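Engineer:
There are 4 protein chains.
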Amino acid sequence: MPDTVEIGLGRSARRGYHLDEIALVPTRRTRGSSMVSIAWQIDAHSFELPLITAPSDAIVSPDTAGALGALGGLGLLNGEGLWTRYDEPGPILEKLRSQLEDASLADGGALGYLQRLYAEPVKVDLLTRRIAEMRAAGGAVAVRVSPQHAEVLAPHAIAAGADILVIQGTVTSAEQVRRTDDGDTRSGLNLKTFIAALDIPVIVGGCANYQTALHLMRTGAAGVIIGYGAHSGSTTAQALGIDVPMATALIDGAAARRDYLEETGGRYVHLIAYGDTYTGGDIAKALACGADAVMLGEPLAAAAEAPGRGLYWDPTATHPRMPRSSVVEVAAEDERPSLVELLIGATSDSSGERSLFASVRRAMAKCGYSTVKEFQRAELILSRR
Amino acid sequence: MPDTVEIGLGRSARRGYHLDEIALVPTRRTRGSSMVSIAWQIDAHSFELPLITAPSDAIVSPDTAGALGALGGLGLLNGEGLWTRYDEPGPILEKLRSQLEDASLADGGALGYLQRLYAEPVKVDLLTRRIAEMRAAGGAVAVRVSPQHAEVLAPHAIAAGADILVIQGTVTSAEQVRRTDDGDTRSGLNLKTFIAALDIPVIVGGCANYQTALHLMRTGAAGVIIGYGAHSGSTTAQALGIDVPMATALIDGAAARRDYLEETGGRYVHLIAYGDTYTGGDIAKALACGADAVMLGEPLAAAAEAPGRGLYWDPTATHPRMPRSSVVEVAAEDERPSLVELLIGATSDSSGERSLFASVRRAMAKCGYSTVKEFQRAELILSRR
Amino acid sequence: MPDTVEIGLGRSARRGYHLDEIALVPTRRTRGSSMVSIAWQIDAHSFELPLITAPSDAIVSPDTAGALGALGGLGLLNGEGLWTRYDEPGPILEKLRSQLEDASLADGGALGYLQRLYAEPVKVDLLTRRIAEMRAAGGAVAVRVSPQHAEVLAPHAIAAGADILVIQGTVTSAEQVRRTDDGDTRSGLNLKTFIAALDIPVIVGGCANYQTALHLMRTGAAGVIIGYGAHSGSTTAQALGIDVPMATALIDGAAARRDYLEETGGRYVHLIAYGDTYTGGDIAKALACGADAVMLGEPLAAAAEAPGRGLYWDPTATHPRMPRSSVVEVAAEDERPSLVELLIGATSDSSGERSLFASVRRAMAKCGYSTVKEFQRAELILSRR
Amino acid sequence: MPDTVEIGLGRSARRGYHLDEIALVPTRRTRGSSMVSIAWQIDAHSFELPLITAPSDAIVSPDTAGALGALGGLGLLNGEGLWTRYDEPGPILEKLRSQLEDASLADGGALGYLQRLYAEPVKVDLLTRRIAEMRAAGGAVAVRVSPQHAEVLAPHAIAAGADILVIQGTVTSAEQVRRTDDGDTRSGLNLKTFIAALDIPVIVGGCANYQTALHLMRTGAAGVIIGYGAHSGSTTAQALGIDVPMATALIDGAAARRDYLEETGGRYVHLIAYGDTYTGGDIAKALACGADAVMLGEPLAAAAEAPGRGLYWDPTATHPRMPRSSVVEVAAEDERPSLVELLIGATSDSSGERSLFASVRRAMAKCGYSTVKEFQRAELILSRR
């Protein structure tokens, strides 16, 4: 029975749990790390690591997407970021760190600078060109578009050769009601019809509860993103009062996946955990709560290869009227580890923030599990930190 | 059943929840922000924003009340503040920030300075004059008096043209028992008789539980204030041991409103949340717990237009013998955003403390609600922060 | 039913609550402060304030005991402190602050200095002289002795004219088992026999649970101390693993008082709360949990009159082998308020740490109670801070 | 019934408690400290203190093992540490503090330095020599080997005269499944067969739950280590998501001990608590939760005699690819107390971190218990800190 309490006369609320409120419990068997597989397969695409990046210009360029692919992960280009707004974002990105640090309060500071930078319109031909560059860099090509611009941009992305499409807004539902310019109520993007017409796998989200996850699964998506990308600079909870207790959201999403599997007689939809995963332990716990893969942003911004040079920001930071996250310094510019150290190791850092997926593998081994699918049923314990 | 536990042998206590312990849960439908109305109507007065200010000299002068009205809110003048004690408070307020910062410990510091400033008696003719100035500035005219001085001041305020009267002490009940000078017990202000004799809507408070809220509703008030105005400088909890878990208090107040609605066959009394609302998310959660509007103090003190020049204090800071809040620096004097940025945006600040009501609108849209009344039934989740 | 949970297989624990986890809930009636009485009467002695001091040399000398009495409280001299070890502790106390601050780590720092200072033996004739000085200063005379030295010192204290005897160790039980020098087991001080033979009221403690409190009541004590004097420098929890959730301990003590009242057909034993009370609100909550009076230490050390000149230490800091609290700086030497400001006000400080008993009176008034006895049944709410 | 809650739809978790969430409750009897025995006997070996050290080069050399034995504890040499890798680790240890502090980030900092130092292979002849040195220094000789190297090293250790063997990995189970070089699955070290063949008592661990503890008991071990050695520099929780709520883990281990005692008709296996014990109170609580002894690391690193000169690190910090703890500064190099002050006192320090076992003795006395075995049933209370 759900863990609900009466928080006031006649009104109850369920209690939600964050990843840092739970811990993994080892079983009585342990395994050698070499016996553990963390491979991820979605549709026809296989990855050695259960990793897709956040669609952040601070971590993904066509080049770094290639580097991520070579290491076994999936780099996700923001189809509405700097690479599709500017012909040559390279020099902009190179100067960005110093410019963000110099941005004066009077001009809105770092976020004001980003808002002006992202006010440049998205160009369809640049989207096409970036996809070609990603293909050339090797690995699967994944592009993110927003629900608002999916109808315009997605066909171009697919025509250009994208392998995987991600339709992602902060809070995305299967049924969005909007008003047309002449004041009539109308539905927003009909995801079900839209996805049915596409011939590549689509990942949609984010969402954070059973009902929304189930309805997003019914759109025909191959994967559903759970969470809104909470990171250390996020302010969605402060600005909107919406917060995602990720452990609970993932477990609820897994319940939706199970019910949808039964409803469809066997269609398995992937859950992708997005937010509040900073360390190997966080990733392991997200998988143990039911995720098939994680979408990582901030932790990868420390990489020497990352375009943000140690800074991290995501699309919520560039909103023209109401940004909902800040620019975060993840690493000093000259103290950034390599992507391989971050993802796989070896490392001499004990923070848990490097060697991320070797850590996941080791956590599974010590807990006694061989595959992610088994690990999704691991025993959890609530533990105050 | 209420969430009570035995805290010692034979003694139980209910558990109360603060706004920062809960979060909103989006439904499976989202809406465009343009489809959301946050308008507030109390008695014959309509406001675009569900906002009444705290009666603080740091944020409301007759002029700023006009500015607030123009933006869709309701500015509430403290009828027992500097504007009714001094003929020309303008110069006093202009110098106040530097004087508060210079106040020496030996003289009681900033609060000692305020105590001396507020020792000047309130003058009825100044109250009359300020109301005229507010009328001239435009918008509805609202004035706050304390329960102790309501009998003397309210008739003058109404005669001068006030539209809405607020009778507000920190903890206000429908039945106050006092002792007369000759030592006999007598009742304090009889709110029921008093309000019945007035011909403008009256808002009373604050209170924090079902019984007191219900009894205040039975006085004939148009609105009841829930909460004691807790802000970052408040020390009511330390000084008196009284603390308001706002989420629980609002939900209990909403239960009283519901019962009173049935008891009267349809009289709807507004709930106004006062305290612990710092961000758009806090305001959204207060509405979702049952508030019809919020009374904001500290968050508005950052405005360039605010008389306090970036400092905030409220009437509890000026108590002659036992102040129960301190003077808070909300913004550096030269880094204050405009009132329009604070209330509506756009902004380049991601703290959640600006663009407050655009945030509320967006929160409702993302959660799938069109009106405040629907939103008062939103799903909540308990989530540790 | 008690709030117990299984913390491991086959082992349960009750949950205890600290004062800062609870808050007072106002009733629907409020009262004027002038209608509230906080007077305290124990045996034949009446006090305007429900206050006895901790037996700390940092706050009580014969002179300050007189000053406390004049303000309505009860100063408790440590019968085993500097005043009974040194002929002229005045100059020692005058230099103590600078000496504590100069104490070098090599010599054990401040506590090492205190250990050496308190190594001087207690003299019976000094005890007699101090009691005479206290009588001369006016007010009731209260002296504390430890359980270990009660048999030797108490008769002298009573002969010298003490009005109230306090037998107080950190953790005191009615039955202490000790070993004699020749190795046999024997009982320690038999409190029941000992108290029966004395003809002044005796207060004993501290203790922290129902059983111990009940057994201490059965010794014939007039009052029982609940708590071990936890203050901001206390380390009993770290050193011994013993911690007192004060709200629970007081409520349990009140249950013991109730059962003992029935068992004896009417003998009322006073509960004195000792520890974790720093503000007026803390004191109010202690009374609302069942205390008849509070034993205050650290909060009074800020007084201009206090011998410790802004520093606080208690007997647990001077233990020769294992001190269990540190020396705390409560106030800068030249920024100390008067005792009257601390106890009664007026004040310009909003921290809740001054005007302590005016705050208690106000808290009771706002909650709607006239006497401490009624207030002991006040409604409480659990509220996260 | 266990304290479990549904943390998401269809998925429950038990709640685990850390030592700092519980406190001891004194009974109504207290005892003199001299009546309390904290002696520990495992197999044929008796110790005045229920203490075995962590196998850390920062605290144990052959010499300090002797010093620990003289004080009544058991020093545990890491059989795979510096003393068995280097012929003359003395000079290395003497310079280590300055070298760790000088280690540059570019070389992986302090942990990088340690990784290189521990890359030197372990030599069997050095192991033999160290055991001879420990025998010469006096007291029982205890050596730790890892599960991976137990089969190679243990016979040499025993042949050289070790009294007690500790087989310890971070997370150790009775059944480890590994893969051979040719890819076949095979079991790891079979602890049951292995231990049966040895003729000295073996302690194994760590583990953290009932099932694993029970299976480790069934291997024939004399003692089982509960916990993974969490200390202030540990990052196992961050890196692996595995966290040990120690109070719960010990109580569960005690349940396994009880069930195994019944299953075997009387074989008693010792529980050794390893992790999160920093003060005398922590140790007392570990014993009260069921431990027979504690394994201490970080608290002893402050000793003047400790080879680490005020720094602490354990084997998890030296992992070649993924260290899971950092080097902690426990004390300034020139402000280290003696081992006798740390373990027994007297002290002038009130932190609870010195006079550790005198504190334990006093805690038991104040709670009314004479032996560790009785104390394992002490009443506990949950208390927020």
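Chains as they are written, first to last, in our numbering: chain Y, 200 to 584; chain E, 200 to 584; chain D, 200 to 584; chain C, 200 to 584. Here a beta-carbon is modelled for each residue, glycine too, at the ideal position from N, C-alpha and C. Given the structure is predicted, the values throughout are model-derived calculations rather than measurements.
1) Could you give the distance in angstroms between the alpha-carbon of Y/I221 and the alpha-carbon of Y/G480?
2) Rank Y/R457, Y/T546, Y/G489, Y/H414 by C-alpha distance to the C-alpha of Y/L449 and give the top, closest one.
3) Could you tell me if Y/G465 is buried or exposed, where buried requires 16 or more neighbouring beta carbons within 10 angstroms of its beta carbon?
4) Could you pull the start and end residues of the alpha helix (DSSP H) that E/W239 belongs to?
5) Chain E beta carbons: is any one of them nearer than 8 Å to that of Y/M445?
6) If you run the structure through DSSP and keep just helix, strand and coil, what is E/L581?
7) Looking only at its chain, what residues have a beta carbon closer than 7 Å to the beta carbon of D/I399, apart from the 5 residues adjacent to it on each side?
8) Taking the alpha carbon of Y/P261 as the point to measure from, which residue in Y/P498, Y/A505, Y/R456 has its own alpha carbon closest?
9) Counting only beta-carbon atoms, is D/G265 nearer than 8 Å to chain C?
10) Rank Y/L313, Y/A253, Y/L499, Y/A577 by C-alpha distance to the C-alpha of Y/I543 and give the top, closest one.
11) Give the list of continuous beta strand (DSSP E) stretches no shorter than 3 residues that lie fully inside the segment 243 to 317 of chain D.
12) If you pair each beta-carbon of the segment 281 to 300 of chain C with each one of the segment 557 to 570 of chain C, do three or more pairs fall below 8 Å?
13) As a quick exercise: from Y/D475, Y/V559, Y/Y427, pick the residue whose alpha carbon is nearest that of C/G440.
14) In whole angstroms, what separates the C-alpha of E/R456 from that of D/M445?
15) Sort out for me which residues DSSP pairs E/V321 with in a bridge.
16) Which of the three DSSP states is assigned to D/E552 in this structure?
17) First and last residue of the alpha helix (DSSP H) that includes D/M416?
18) I'd like to know if Y/R210 contacts chain C, where contact means its C-beta is closer than 8 Å to some C-beta of that chain.
19) Hey, is D/H355's beta-carbon within less than 8 Å of any beta-carbon in chain C?
20) Quick one: grab the DSSP three-state call for C/I543.
21) Measuring alpha carbon to alpha carbon, tell me which of Y/G426, Y/Q314, Y/A331, Y/R576 ends up nearest Y/M521.
22) Taking the C-alpha atoms as reference points, what is the distance between E/D533 and Y/D306?
23) Please classify Y/E540 as buried or exposed, where buried requires at least 16 other C-beta atoms within 10 Å of its C-beta.
24) To the nearest angstrom, how far is it from the Cα of Y/T226 to the Cα of Y/T252?
25) Could you spell out where the alpha helix (DSSP H) holding Y/G452 opens and where it closes?
26) Looking at the structure shown, is E/I424 part of a helix, part of a strand, or coil, going by DSSP?
27) Just tell me which of C/L218, C/P514, C/I206, C/V526 has its CA closest to the CA of C/G368.
28) Between Y/L538 and Y/A266, which are expected to be in contact by the criterion C-beta below 8 Å, what is the C-beta distance as a whole number of angstroms?
29) Does D/P249 pass the burial test, meaning 16 or more other C-beta atoms within 10 Å, or should it be called exposed?
30) Going by Cα to Cα distance, which pick from E/H469, E/G387, E/S524 is closest to E/H430?
31) Quick check: what's the CA-CA separation for C/H244 versus C/G422?
32) Got a sec? Which residues, its chain only, sit under 7 Å from E/T517 by beta carbon, not counting five neighbours each side?
33) What does the alpha-carbon distance come out to for the pair E/A407 and E/I471?
34) According to the neighbour-count rule (16 or more other Cβ atoms, all chains shown, within 10 Å of its Cβ), is Y/Q375 buried or exposed?
35) Using 10 angstroms around the beta-carbon of D/Y409, count the other beta-carbons present and answer buried if the total reaches 16, otherwise exposed.
36) Taking the C-alpha atoms as reference points, what is the distance between C/E528 and Y/G338?
Structural biologist: The relevant details are as follows:
1) 10 Å
2) Y/G489
3) exposed
4) Careful: E/W239 lies outside any alpha helix (DSSP H), inside the beta strand (DSSP E) at 239 to 241.
5) no
6) strand
7) I357, A361, D362, I363, L364
8) Y/A505
9) no
10) Y/L499
11) 244 to 246, 250 to 252, 275 to 277
12) no
13) Y/V559
14) 36 Å
15) Looking at the DSSP assignment, E/V321 forms no beta bridge with any residue, so it has no partner.
16) coil
17) 409 to 416
18) no
19) no
20) coil
21) Y/Q314
22) 14 Å
23) buried
24) 31 Å
25) 445 to 462
26) strand
27) C/P514
28) 6 Å
29) buried
30) E/S524
31) 13 Å
32) L313, Q314, Y317
33) 11 Å
34) buried
35) buried
36) 46 Å
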